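Mapping to the numbering used here: the sequence shown position 111 is 142, numbers consecutive. Heads up: the structure comes next, in structure tokens.
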Amino acid sequence: MALYLSKKKRPAKEEKMLKISWPAYDGVFNRETMLDLQEFFSKKLIKSLDYCIAKGKEANVYRATTPSGEYLAVKIYRLHTPSFVKMYEYLEGDQRFLKVQKSKPKIIFSWTKKEFSNLKYLSEIKVPVPKPISFKKNILIMEFLGENGIPYSALAQIGPTKPKEQKEFLIEQIEKMYQNQIVHADLSEYNILIDDQANRLFIIDCAQAVLTSHPKANEWYNRDKENIERYFKKFLNNSKQES
Ligand SMILES: Nc1ncnc2c1ncn2[C@@H]1O[C@H](COP(=O)(O)OP(=O)(O)OP(=O)(O)O)[C@@H](O)[C@H]1O
Ligand SMILES: [Mg+2]
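Pasting the structure below:
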């Protein structure tokens, strides 16, 4: 009896080894994600992943550079996140995503697609969000919000530059979204970026945004508004007059 199988019949041992021995570096770079990411390099959408802007529970966000030297933001969702149950709640009540399968990777892929669709729609109705560029499975590529390669800070980190005006602006955005049948559903000072030089605000983290037909849309619409009212209260009490 032959001790060894012919080369042809041998199982792809290296393949198996690779799968087993390549843990998800940084929590997101597992083998599949690396291969999917490679596609964006091959298509010349990005030339390099430069650094990690932020690590979250559900995703990491990286700055990338394009072949022409512009910057993009790459959000990579973890395939193993503790938030599956929450994600499913936001997906299943949304008529655009009714047929989502309950397997964990499928939920994450739908979640990524949902963020892409939401950013596209919100850009169209002129809500200031990062413009979506592309997505594949758990990877979302979007406009980089920052100056000279440095990402803008979250509003929570540096506070508003024009509290009264900026609060009104955000309430207007929430209402505009509602009139256009969409609710952000996780709006707070942590999901707003600020360009403090130009006093501009941007709304980010839009995966959980739902259509107003979602059974909880009204509850989440009110919560978004309350979060903004609560956050700005302390700035408005201290500064009755604002330039
Ligand atoms: N388009 C962008 N341009 C620049 N920075 C960005 C962009 N999108 C996200 N970021 C940065 O990445 C951080 C996390 O982004 P986001 O809130 O979308 O991810 P998340 O994983 O849902 O985070 P968390 O769990 O903390 O809410 C933001 O606070 C911001 O600093
Ligand atoms: Mg966030």
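All C-beta atoms in this analysis are idealised placements derived from N, C-alpha and C, irrespective of residue type, glycine included. Being a predicted model, the structure only gives us computed values, none of them experimental.
Length of the line joining the Cα atoms of residue i and residue j
i	j	result
Trp53	Ser219	With a pLDDT of only 49 at Trp53, under 50, the local geometry of the prediction cannot be trusted, and the value read off the model is given with reservation. Their Cα atoms are separated by approximately 37 Å.
Phe263	Lys198	7 Å
Phe140	Asn268	43 Å
Gly124	Ile213	13 Å
Lys88	Thr96	24 Å
Glu196	Leu232	11 Å
Phe128	Trp142	9 Å
Gln69	Asp57	17 Å
Glu63	Asn211	37 Å
Lys86	Tyr119	22 Å
Lys168	Lys144	8 Å
Glu257	Phe147	26 Å
Arg261	Arg254	10 Å
Asn61	Lys78	20 Å
Lys130	Lys265	43 Å
Ile202	Ile259	7 Å
Phe71	Asn91	17 Å
Ile225	Pro246	31 Å
Leu76	Ser114	30 Å
Contact test: residue i Cβ vs ligand 2 heavy atom, cutoff 6 Å
i	result
Asn211	no
Asn258	no
Asn91	no
Asp236	yes
Asn222	yes
Residue i and residue j closer than 7 Å at C-beta
i	j	result
Cys237	Leu150	yes
Ile138	Val59	no
Pro161	Glu174	yes
Ala240	His215	yes
Ile223	Ile234	yes
Val116	Ile172	no
Leu244	Gln126	Here residue 244 turns out to be Ser, not Leu, going by the sequence shown. For Ser244 and Gln126, yes; Cβs fall inside 7 Å.
Ala187	Tyr221	yes
Residue i classed as buried or exposed, judged by whether at least 16 other C-beta atoms fall within 10 angstroms
i	result
Ile181	exposed
Arg94	buried
Gln228	exposed
Leu66	exposed
Ile189	exposed
Tyr82	exposed
Gly136	The identity of residue 136 in the sequence shown is Pro, whereas the question assumes Gly. With fewer than 16 other Cβ atoms within 10 Å, it is exposed.
Pro191	buried
Pro163	buried
beta-carbon residue i near ligand 1 non-hydrogen atom, thresh 6 Å
i	result
Phe175	yes
Ile84	yes
Gly58	no
Gly190	no
Ala104	yes
Gly87	yes
Ala187	no
Pro113	no
Residue-chain proximity (residue i, chain C), Cβ-Cβ < 7 Å
i	result
Phe233	Here there is only one protein chain, and chain C is not present.
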